[in-house]
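Those protein sequence lines, which keep their order, are chains A and B. The end of the first sequence is residue 105 by numbering that gives the first Met the number 0, with every number in the run present. The end of the second sequence is residue 158 by numbering that gives the first Met the number 0, with every number in the run present.
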Amino acid sequence: MASALINVPAKAKRGDIIEIKTLMSHIMETGYRHTTAGEVVPRDIITSFTCRFNGSEIFRTDLFPAISANPFITFFTTATESGKFEFEWTGDQGFSETASASITVE
Amino acid sequence: MQQRPNSSRRQFLGLAGGAAVLGALPVVIVRPAEATPAMLASAIQNVTGGAAVRTGKVKLDIPPLVENGNTVPMTVTVAHPMAPEDHVRSIHVFNEKNPQPNIANFHLGPHSGRAQVSTRIRLADSQKIVAIAKLSDGSFWSASVDVVVTLAACTEDVI
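Encoded structure:
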């Protein structure tokens with residue numbers, strides 16, 4: 000079962016640049032591997048990761064089979080106001096997961 | 000006792016013999032200045048639309064010697080201010096020898112504060128990794144790193 004790990008500072012000063020770390024558990028099957036019987040293992044990857052803050056998109060990634068299993072993505076953002084980060088992963092075979100984290104900006 | 004001839008061993012020996020013959024001949028191989036396979040070039044073309052890509056600004060942090068190609072930590076940093084009127088719009092990472100040239104596209108904005116992203120990637124072979132940053136003024140900057148991989152990823156058989 001898919002699960003997410005999110006690391007967002009709970010508090011920040013206005014104007015601080017904060018780092019956000021995310022990890023989603025997923026096998027990221029490339030679609031280039033074969034079973035011993037010679038059949039191709041169908042591709043099953045996360046294709047898109049989006050982060051929204053208070054509803055507006057602040058970061059987005061397109062993922063390809065060259066991303067390792069359990070995609071780990073870190074990025075930065077500027078703390079402007081208190082609010083909620085929403086994270087969304089979508090992928091093959093109807094994969095869709097969300098997570099959220101709140102921040103207090105002083 | 001093995002009854003069936005091992006065809007892959009035969010092929011290998013044949014190839015090795017051929018290579019030895021080739022090596023004995025005074026063949027001069029002229030390497031192109033940029034040893035970029037066509038797939039990598041066309042993937043970059045898709046992003047830049049043919050615009051000139053300058054070297055600089057981008058820093059691609061990746062270990063030069065990788066033991067396990069299944070998880071290779073990678074950090075891309077672009078030394079550029081993130082102001083509303085002048086910022087890094089996106090970062091694109093490509094490879095040379097995986098089955099597919101794309102690794103990831105990161106879309107940023109002025110609110111990002113710092114143009115830096117990290118992730119973990121797969122590498123199927125020792126190869127060149129290219130990171131390209133697109134700035135808000137439409138210019139492209141790049142950096143490339145050669146990585147040696149001892150255990151390849153992506154295409155191994157499922158046991």
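The beta carbon of each residue, even a glycine, is placed where N, CA and C say it ideally should be.
Specify the secondary structure class of residue 126 of chain B as computed by DSSP and reduced to three states. strand
Within 8 Å (strictly less), CB to CB, does residue 99 of chain A reach chain B? no
Using a Cβ cut-off of 8 Å, which residues of the segment 77-97 of chain A contact any Cβ in chain B, in chain order? 77 and 79
Identity of the residue in A/56, A/35, A/96 and A/10 nearest residue 70 of chain A by Cα: A/96
Is any beta-carbon of chain B found at less than 8 Å from that of residue 70 of chain A? yes
Please name the residue, chosen from B/36, B/127, B/94 and B/54, that lies closest to residue 64 of chain A on a Cα-to-Cα basis. B/94
Residues of the segment 102-127 of chain B with a CB closer than 9 Å to any CB of chain A: list them in chain order, please. 102, 103, 104, 105, 106, 107, 108, 109, 110, 111, 112, 113, 114, 115, 116, 117, 118, 119, 120, 121, 122 and 123
Assuming contact is defined by CB atoms lying nearer than 8 Å, are residue 131 of chain B and residue 67 of chain A in contact in what I supplied? no
Pull up the distance between the alpha-carbon of residue 30 of chain B and that of residue 2 of chain A, whole angstroms please. Low confidence applies here, because residue 30 of chain B scores a pLDDT of 39, under 50, leaving its location unreliable and the question unanswered by this model.
Chain A partners of residue 44 of chain B, CB-CB under 9 Å? By Cβ distance, chain A contributes nothing, its closest Cβ being about 17 Å from residue 44 of chain B, past 9 Å.
Contact list for residue 70 of chain B against chain A, beta-carbon separation under 9 Å: 67, 68, 69 and 71
Suppose you measure from the CA of residue 64 of chain B to the CA of residue 80 of chain A; what does that come to, to the nearest Å? 42 Å
Is there at least one Cβ from chain B nearer than 8 Å to residue 43 of chain A's Cβ? no
Would you kindly check if the distance between the Cβ of residue 68 of chain B and the Cβ of residue 142 of chain B is under 8 Å? no
Against chain B, with Cβ distances strictly below 8 Å, would residue 13 of chain A count as a contact? no
Excluding the 5 residues preceding and the 5 following residue 111 of chain B in the sequence, name in chain order all residues of the same chain whose CB lies nearer than 8 Å to its CB. 81, 86 and 87
Is residue 80 of chain B close to chain A? Criterion is C-beta to C-beta, closer than 8 Å. no
Output yes or no for whether 8 Å exceeds the beta carbon distance between residue 123 of chain B and residue 100 of chain B. no
Can you tell me the Cα-Cα spacing of residue 60 of chain B and residue 55 of chain A, whole angstroms? 30 Å
Determine, for residue 64 of chain A, whether the minimum Cβ-Cβ distance to residues of chain B falls below 8 Å. yes
Is the shortest distance between the beta-carbon of residue 103 of chain A and the beta-carbons of chain B less than 8 Å? no
Which chain C residues are close to residue 36 of chain B, counting only those with a beta carbon under 7 Å from its beta carbon? Absent from the structure is chain C; the protein chains it does hold are A and B.
Per DSSP, what are the beta-bridge partners of residue 2 of chain A in this structure? Partner(s): none; residue 2 of chain A has no beta bridge.
Could you tell me if residue 53 of chain A is buried or exposed, where buried requires 16 or more neighbouring beta carbons within 10 angstroms of its beta carbon? exposed
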